[in-house]
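A.B. asks: Take a look at the following structure, please.
2 protein chains.
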Amino acid sequence: MNATSFAAQPAAPLSAAIIADLQAAVGAANLITDPAECWTYGGDNSRLHALPQAVVFATNTEQIAALVKTCRRHRLPLIARGRGTGTTGAVVPDQGGVILSLERMNQILEVDAANRLLVAQPGATNQEIQQAAAAAGFFWPPDPTSNAYCSLGGNLAYNSAGPRAVKYGTPRENTLGLTAVTGTGEIMRTGVYTTKGVVGLDLTRLLIGSEGLLGIITEAVLKLTPLPPAKRLLAAVYEDVSSAAEAVSAIMAQPVVPCALEFIDAQCIEMIRDYAQADLPRHAGAMLMIEVDGEAEQLTQAADRVAEAARVAGCMDIRIAQTEAETADLWAMRKALSPALRQVAPKKINEDVAVPVSHLPKLIQGLEALSQTHGIRIVSFGHAGNGNIHVNLLLDPEDAQQMQAAEPCLAAVFALVMQLRGTLSGEHGVGLAKRDYVHLELSPESLRLMHDIKRCFDPDNILNPGKALPPI
Amino acid sequence: MNATSFAAQPAAPLSAAIIADLQAAVGAANLITDPAECWTYGGDNSRLHALPQAVVFATNTEQIAALVKTCRRHRLPLIARGRGTGTTGAVVPDQGGVILSLERMNQILEVDAANRLLVAQPGATNQEIQQAAAAAGFFWPPDPTSNAYCSLGGNLAYNSAGPRAVKYGTPRENTLGLTAVTGTGEIMRTGVYTTKGVVGLDLTRLLIGSEGLLGIITEAVLKLTPLPPAKRLLAAVYEDVSSAAEAVSAIMAQPVVPCALEFIDAQCIEMIRDYAQADLPRHAGAMLMIEVDGEAEQLTQAADRVAEAARVAGCMDIRIAQTEAETADLWAMRKALSPALRQVAPKKINEDVAVPVSHLPKLIQGLEALSQTHGIRIVSFGHAGNGNIHVNLLLDPEDAQQMQAAEPCLAAVFALVMQLRGTLSGEHGVGLAKRDYVHLELSPESLRLMHDIKRCFDPDNILNPGKALPPI
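If you read the sequences in order, they're chains G and B. Read the first sequence against my numbering and you will find it ends at 462, with the numbers running on by one and no gaps. Read the second sequence against my numbering and you will find it ends at 462, with the numbers running on by one and no gaps.
Take a look at the structure:
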């Protein structure tokens, strides 16, 4: 599903009785129902949109429990929402219902340096968490490109990662425990305050990445990692994407794990050359941004090791960013890619498939072939160290032929990824956008189990109904 | 529950019809029913024991699916089992039924260095996996003390860790995907072949640590980590356990993460002095074994950093193991602790609680007080970097008063751990031994959800019934 084929049911206004019940649950000051005000809470970065019937702003867990019970009584869909930076329509109320905005639950409750943990509410932004952690000498590894805006709740709901995941993992590897409200309005705690714990089933990881289907996370205990004393960034340029992909595979096969290993194809480089401050190579087929971190004294050796691995056939140049300004420019360029593509193409379909790193050359070659076959420009960049490539189909909505080719092309991309032992989504999740493709990856048995598990948490299917899992 | 209070129902012999069905499922050559032969498959390292009604040796996933269907038809408990090195009675057939020994499914199917993954069957030992990984320059982080014998299936079922978890995590952080047979006999694949993947719910982590309640793992895709080029071991000696605990906290608050941070109390040191090759200090209150790994050139600096943090008040001596032999001796001593305690005390209750590292001093002081109050010798050692302490109550079964004090003392230990924001089990799991204490840690809501989830996977409750989760 994408913005072109999406048409939500228009939601009827809520009855006075339901509105009164919602007010009783959360307080009149925390509820809006005016469509004009609700409008901005109906979309996300997928450009899918539907008008919520109401928007609620909770300030504590108990309010959310009361809200869930109210929504359950009225069989009203309830969709928790952070800052709407997701790309899959997962927070779009396409079946109507209530949006729960967690923006007012944005406190960082505890930074416990001795135990390397931080407790925060879901509305805190990733950046606020990083700042609080940094003040104690730590960071929280997940760092989506949208980290200045995106919130913890969304990071957990999608298991969002970012460049650092290649070395430090995703939220599932960096979260100790959660407080959540299930679809019956029960408040539960999962997990532990320690880095080991094996009592009962792992509900923490089950909730993480569940896209709001199982519960609403109202507090999280995050595992912190010490800030590395220093970093060094290398930019490696290749004749073609295949040689860059070979280099990724070679880098990941040697012992020094980079803290970022980003891939940028030629089209991306060309596209942003004019906007970027950094000196970008001409006639390059692809570029890698490789960052190593650690003690300052050790970085030269670490950089040498990865540079050695990166120097495969087809490598045109490897250079180390000489100044902090140059490093910042390169990263700014990388971060600008996604918004820049928006400027270039009136419509883009942005996927984030992942394949085992040794299959990256085949993926990239396959994408080039599909681009030719379907007459659609495809540009790619992303977190190559995880094999996680952001594949962007750039479309002109005025071009009927191209728009018609988009879905078959996308289906062919996913089929290719499946052939290469990959996954449909490395970090963006499924939401509405990829729901119809999930059967390519998950067996009917797995899907049935997942629906059964959802029913355990949410027997009346009120929590973000219809997202992430296709019906069976 | 422990060996003194445990009395399993004597299991009746299976009917000829059931035996014929089991033979049809797995082949006559893969089934034993003679009680004398079955006997050895009825216990684990907890010393709990019950006679299985039959033992099956499967050789592939399809056989296991057929076996599960047969057991389901006859409502026969089915308990998968590795090498029986667990300490909680989790594989003891206390309700009778069939033991599925996975010892013949011990193949390492794939070592994929380029993608840092290894595919293995559950019967492969941890050591066999390490050897296969090492040949390609990698290791799999989980390393229980029993690694020479314990098998992958058990490591996954308990989420077993070991010393390296402090830096590299547990099976949940080091497993990409699984093949499993559910309680309905369905074969399912979970997870991905990549280090990121967010399609559907995280069934991989849900199965890991589920103690055989949800499914029988028949294949696992493990995430490998590059072998560090070098290691260095420090032994730090302290006047008392509190100062050692303070040092643990200080070490974990600075950026260099040791690859092992083990704690050994004075009683342990005294107890094994005579057996150990290593030169153990006299009059010490506690000892830490601190290992750092990395590039050889960087180890001096890393060792200096942790030594600096370890040098808290009460530190008597810190020395670096000078030779490989000395390092090996120290580790052999550490590994000998658990069996040595067996020699010393006719009966021991071995717990593996975990608390946030900054609470270790309070835990250790609390244990000393409980030892006094209850007249029971308590010795402690363990993975201090995770706050995961093996608390051993040493008992003399001839001493009626002491035996009577054991359960109240254990209950007080767990209450203390809960007060300190800890968990009942860091890596051993629950099984039968800790089942009656689980309500201290998990809320009724969480427990109900876990039972509901079990029902999704195993509607007739045939997979390891009655373990890990207390009834609600």
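From the three backbone atoms N, C-alpha and C, an ideal C-beta is built for every residue, glycine too. Being a predicted model, the structure only gives us computed values, none of them experimental.
Using beta-carbon positions only, say whether V45 of chain B and L57 of chain B come within less than 8 Å of one another.
C.D. replies: Locating residue 45 of chain B in the second sequence gives position 55, counting from the first residue. Locating residue 57 of chain B in the second sequence gives position 67, counting from the first residue. No, these two residues do not count as a Cβ contact at 8 Å.
A.B. asks: Keeping to the same chain, check which residues put their C-beta closer than 7 Å to that of M(-9) of chain B; ignore five residues upstream and five downstream.
C.D. replies: Here residue -9 of chain B refers to the residue found at position 1 when the second sequence is read from its first residue. Annotation note: pLDDT 48 at M(-9) of chain B (below 50); position unreliable, coordinate value reported separately. Counting only Cβ-Cβ distances below 7 Å, and skipping sequence neighbours, we find L422, A423, R425, D426.
A.B. asks: Would you mind stating whether E118 of chain B and L168 of chain B have Cβ atoms separated by less than 8 Å?
C.D. replies: The count along the second sequence starts at 1 and reaches residue 118 of chain B at position 128. The count along the second sequence starts at 1 and reaches residue 168 of chain B at position 178. Not closer than 8 Å, so no.
A.B. asks: Among B:L410, B:Q291, B:K444, B:K186, whose alpha-carbon lies nearest the alpha-carbon of N105 of chain B?
C.D. replies: The residue given as residue 105 of chain B occupies position 115 in the second sequence. Nearest option by C-alpha distance: B:K186.
A.B. asks: Whole angstroms is fine: what's the gap from H391 of chain G's alpha carbon to I368 of chain G's?
C.D. replies: Sequence index remark: in the first sequence, residue 391 of chain G carries index 401 (1-based). Sequence index remark: in the first sequence, residue 368 of chain G carries index 378 (1-based). Just to set this straight, residue 391 of chain G is Gln in the shown sequence, not His. Straight-line Cα distance between these residues: approximately 16 Å.
A.B. asks: Tell me which same chain residues have a C-beta within less than 6 Å of the C-beta of A147 of chain G, skipping the five on either side of it?
C.D. replies: For this step, residue 147 of chain G is matched to residue 157 along the first sequence. Excluding residues within five positions, the ones whose Cβ falls inside 6 Å are E201, G202.
A.B. asks: What does the alpha-carbon distance come out to for the pair Y139 of chain G and R295 of chain G?
C.D. replies: Within the first sequence, numbered from 1, the residue matching residue 139 of chain G stands at position 149. Within the first sequence, numbered from 1, the residue matching residue 295 of chain G stands at position 305. So the two alpha carbons sit approximately 35 Å from each other.
A.B. asks: Measuring straight from C-alpha to C-alpha, what distance separates T215 of chain G and F129 of chain G?
C.D. replies: Numbered from 1 along the first sequence, position 225 holds the residue referred to as residue 215 of chain G. Numbered from 1 along the first sequence, position 139 holds the residue referred to as residue 129 of chain G. So the alpha carbons of these two residues sit roughly 5 Å apart.
A.B. asks: Alpha carbons only, please: which of G:S239, G:A70, G:D102, G:I207 is nearest the one belonging to K352 of chain G?
C.D. replies: For the purposes of this step, residue 352 of chain G is taken as the residue at position 362 of the first sequence. Taking only the C-alpha atoms, the option nearest K352 of chain G is G:S239.
A.B. asks: Specify the secondary structure class of A458 of chain G as computed by DSSP and reduced to three states.
C.D. replies: Taking the first sequence and counting its residues from 1, the one referred to as residue 458 of chain G is at position 468. A458 of chain G: coil per DSSP, three-state reduction.
A.B. asks: Within the same chain, show all residues whose beta-carbon is closer than 6 Å to that of A299 of chain B, passing over the 5 residues directly before and after it, in chain order.
C.D. replies: As a first step, residue 299 of chain B is located in the second sequence; it is residue number 309 there, counting from the start. Taken in chain order, the residues that qualify are A240, I241, Q244.
A.B. asks: Determine, for S232 of chain B, whether the minimum Cβ-Cβ distance to residues of chain G falls below 8 Å.
C.D. replies: Your numbering for residue 232 of chain B matches position 242 in the second sequence. With 8 Å as the cut-off, S232 of chain B does not count as an interface residue toward chain G.
A.B. asks: Applying a beta-carbon distance threshold of less than 9 Å, which residues of chain B neighbour T184 of chain G?
C.D. replies: The sequence position of residue 184 of chain G within the first sequence is 194, counting from 1. By Cβ distance, chain B contributes A344, V345, P346, V347, N376, G377, N378, R411, G412, T413, G416.
A.B. asks: For I90 of chain B, which of B:N116, B:Q121, B:P42, B:G159 has the nearest alpha-carbon?
C.D. replies: Position 100 of the second sequence, counting from 1, holds the residue named residue 90 of chain B. According to the sequence as given, residue 90 of chain B is Leu; it is not Ile. Closest by alpha carbon: B:P42.
A.B. asks: Please report the residue range of the beta strand (DSSP E) in which R71 of chain B lies.
C.D. replies: Counted from its first residue, the second sequence places residue 71 of chain B at position 81. R71 of chain B -> beta strand (DSSP E) spans 68 to 71.
A.B. asks: Using a Cβ-Cβ cut-off of less than 9 Å, list which residues of the stretch 13 to 42 of chain B approach chain G; keep chain order.
C.D. replies: From the stretch 13 to 42 of chain B, no residue has a Cβ closer than 9 Å to chain G.
A.B. asks: Quick one: any contact between the stretch 328 to 341 of chain B and the stretch 297 to 313 of chain B, if contact means 3 or more CB pairs under 8 Å?
C.D. replies: These segments do not touch.
A.B. asks: Helix, strand or coil for A390 of chain G? Go by DSSP, reduced to three states.
C.D. replies: Position 400 of the first sequence, counted from the first residue, corresponds to residue 390 of chain G. If DSSP states are grouped into helix, strand and coil, A390 of chain G belongs with the helices.
A.B. asks: Can you check DSSP and say which residues form a bridge with L410 of chain B?
C.D. replies: Stepping through the second sequence from its first residue, residue 410 of chain B is reached at position 420. L410 of chain B is not bridged to any residue.
A.B. asks: Since I believe V88 of chain G is in contact with E100 of chain G (beta carbons under 8 Å), could you give me their beta-carbon distance rounded to a whole number of angstroms?
C.D. replies: By 1-based counting over the first sequence, the position of residue 100 of chain G is 110. By 1-based counting over the first sequence, the position of residue 88 of chain G is 98. About 30 Å; that fails the 8 Å criterion.
A.B. asks: On the three-state DSSP scale, how would you describe H39 of chain B?
C.D. replies: Mapped onto the second sequence, residue 39 of chain B falls at position 49. In the structure shown, H39 of chain B sits in a strand (DSSP, three-state: E or B).
A.B. asks: Please name the residue or residues paired with A250 of chain G in a DSSP beta bridge.
C.D. replies: Position 260 of the first sequence holds residue 250 of chain G. A250 of chain G is bridged to G:E281.
A.B. asks: Could you tell me if T30 of chain B is buried or exposed, where buried requires 16 or more neighbouring beta carbons within 10 angstroms of its beta carbon?
C.D. replies: As a position in the second sequence, residue 30 of chain B is number 40, starting the count at 1. It counts as exposed.
A.B. asks: Quick check: the Cα distance between Q394 of chain G and L459 of chain G, rounded to an integer number of angstroms?
C.D. replies: For the purposes of this step, residue 394 of chain G is identified with residue 404 of the first sequence, where counting begins at 1. For the purposes of this step, residue 459 of chain G is identified with residue 469 of the first sequence, where counting begins at 1. For Q394 of chain G and L459 of chain G, the distance between alpha carbons rounds to 25 Å.
A.B. asks: When the cut-off is 8 Å and only beta carbons count, does E386 of chain G lie next to chain B?
C.D. replies: Sequence index remark: in the first sequence, residue 386 of chain G carries index 396 (1-based). Checking the sequence, you will find Asp at residue 386 of chain G rather than Glu. Output row for D386 of chain G: interface = no.
A.B. asks: Whose Cβ in chain G lies nearer than 7 Å to the Cβ of L443 of chain B?
C.D. replies: Indexing the second sequence from 1 puts residue 443 of chain B at position 453. It should be pointed out that residue 443 of chain B corresponds to Ile in this sequence rather than to Leu. In chain order: L191, I443, C446.
A.B. asks: Evaluate S5 of chain B with the Cβ neighbour count: other Cβ atoms within 10 Å of its Cβ, from every protein chain shown; 16 or more gives buried, anything less gives exposed.
C.D. replies: The residue you call residue 5 of chain B lines up with position 15 of the second sequence. Exposed, by the Cβ-count rule.
A.B. asks: Suppose you measure from the CA of T49 of chain G to the CA of T135 of chain G; what does that come to, to the nearest Å?
C.D. replies: Against the first sequence, residue 49 of chain G aligns to sequence position 59. Against the first sequence, residue 135 of chain G aligns to sequence position 145. Rounded to the nearest angstrom, the two C-alpha atoms are 27 Å apart.
A.B. asks: Counting only beta-carbon atoms, is R135 of chain B nearer than 8 Å to chain G?
C.D. replies: Translated into the one-based positions of the second sequence, residue 135 of chain B becomes position 145. Residue 135 of chain B is actually Thr in this sequence, not Arg. Chain G contact via Cβ: absent.
A.B. asks: To the nearest angstrom, how far is it from the Cα of A292 of chain G to the Cα of N378 of chain G?
C.D. replies: On the first sequence, residue 292 of chain G is found 302 positions in, with the first residue counted as 1. On the first sequence, residue 378 of chain G is found 388 positions in, with the first residue counted as 1. Distance between the alpha carbons of A292 of chain G and N378 of chain G is about 23 Å.
A.B. asks: Once you ignore the five residues that flank D255 of chain B on each side, which residues in its own chain have a CB closer than 7 Å to its CB?
C.D. replies: Residue numbering aside, residue 255 of chain B sits at position 265 when the second sequence is read from its first letter. Answer for D255 of chain B: V231, A276, V369, S370, F371, listed in chain order.
A.B. asks: Just list the residues that DSSP pairs H418 of chain G with in beta bridges.
C.D. replies: Counted from its first residue, the first sequence places residue 418 of chain G at position 428. DSSP lists no partner for H418 of chain G.
A.B. asks: By DSSP, does H373 of chain G sit in helix, in strand, or in coil?
C.D. replies: Here residue 373 of chain G refers to the residue found at position 383 when the first sequence is read from its first residue. Three-state result, H373 of chain G: strand.
A.B. asks: Roughly how many angstroms lie between the CA atoms of K444 of chain B and T194 of chain G, to the nearest whole one?
C.D. replies: The residue you call residue 444 of chain B lines up with position 454 of the second sequence. The residue you call residue 194 of chain G lines up with position 204 of the first sequence. So the two alpha carbons sit approximately 16 Å from each other.
A.B. asks: Is there at least one Cβ from chain B nearer than 8 Å to L142 of chain G's Cβ?
C.D. replies: On the first sequence, position 152 is the one that residue 142 of chain G refers to. No - not a single Cβ of chain B is within 8 Å of the one on L142 of chain G.
A.B. asks: Using a Cβ-Cβ cut-off of less than 8 Å, give me the residues of the stretch 159 to 180 of chain G that come near chain B, in sequence order.
C.D. replies: Listed by position, the residues of the stretch 159 to 180 of chain G near chain B (Cβ gap below 8 Å) are G159, T160, R162, E163, T172, E176, I177, M178, R179, T180.
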